[in-house]
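Asks: Numbering (this note's numbering), first residue to last: 225 to 322. Ideal Cβ positions, reconstructed from N, Cα and C, are used throughout, including at glycine.
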Amino acid sequence: MHIWEKGRYKKTIRESKFVSVTGISPEFQQLFLHDDKDAPVMSMEGYPQDTKLGAFPIDNYWTIRVIDTNPSSVKGQFTDVSLVKKFELTEEEYEKRS
């Protein structure tokens with residue numbers, strides 16, 4: 225699941241602010257910066273969590289894409305089909321139903 229945040233950002237905001245917006249803990253966030261035309265500008269990975277947005281070349285109405293990397297988060301349960309119990313029939317059972 226990708227979460228897009230677009231708007232006017234204060235340069236003093238830290239990565240931890242996105243927890244209240246996205247619900248994703250900072251240790252499981254991958255942040256990517258896109259310009260106002262949605263062209264990728266840079267990955268915001270590898271920076272300390274207390275780095276302020278002003279440290280990046282960000283402008284108003286650019287997009288910060290936040291990706292949840294937590295494998296046990298709820299979003300992973302919606303896309304992992306191995307977690308779904310499947311209804312199965314043998315050929316004989318199928319023929320009986322036809």
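Short check: CB of Phe256 to CB of Pro250, under 8 Å?
Replies: No.
Asks: Is it buried or exposed, Glu239, if we count other Cβ atoms within 10 angstroms and call 16 or more buried?
Replies: Under this definition Glu239 is a buried residue.
Asks: Comparing C-alpha positions only, which one of Thr287, Lys234 and Val245 sits nearest to Asp262?
Replies: Out of Thr287, Lys234 and Val245, Thr287 has the C-alpha closest to the C-alpha of Asp262.
Asks: Buried or exposed: Asp274, going by 16 or more other Cβ atoms within 10 Å of its Cβ?
Replies: The residue in question, Asp274, is exposed, as its Cβ has fewer than 16 Cβ neighbours within 10 Å.
Asks: For Ile282 and Gln254, which I take to be in contact (beta-carbon distance under 8 Å), what is that distance rounded to the nearest angstrom?
Replies: That pair is no contact at about 16 Å.
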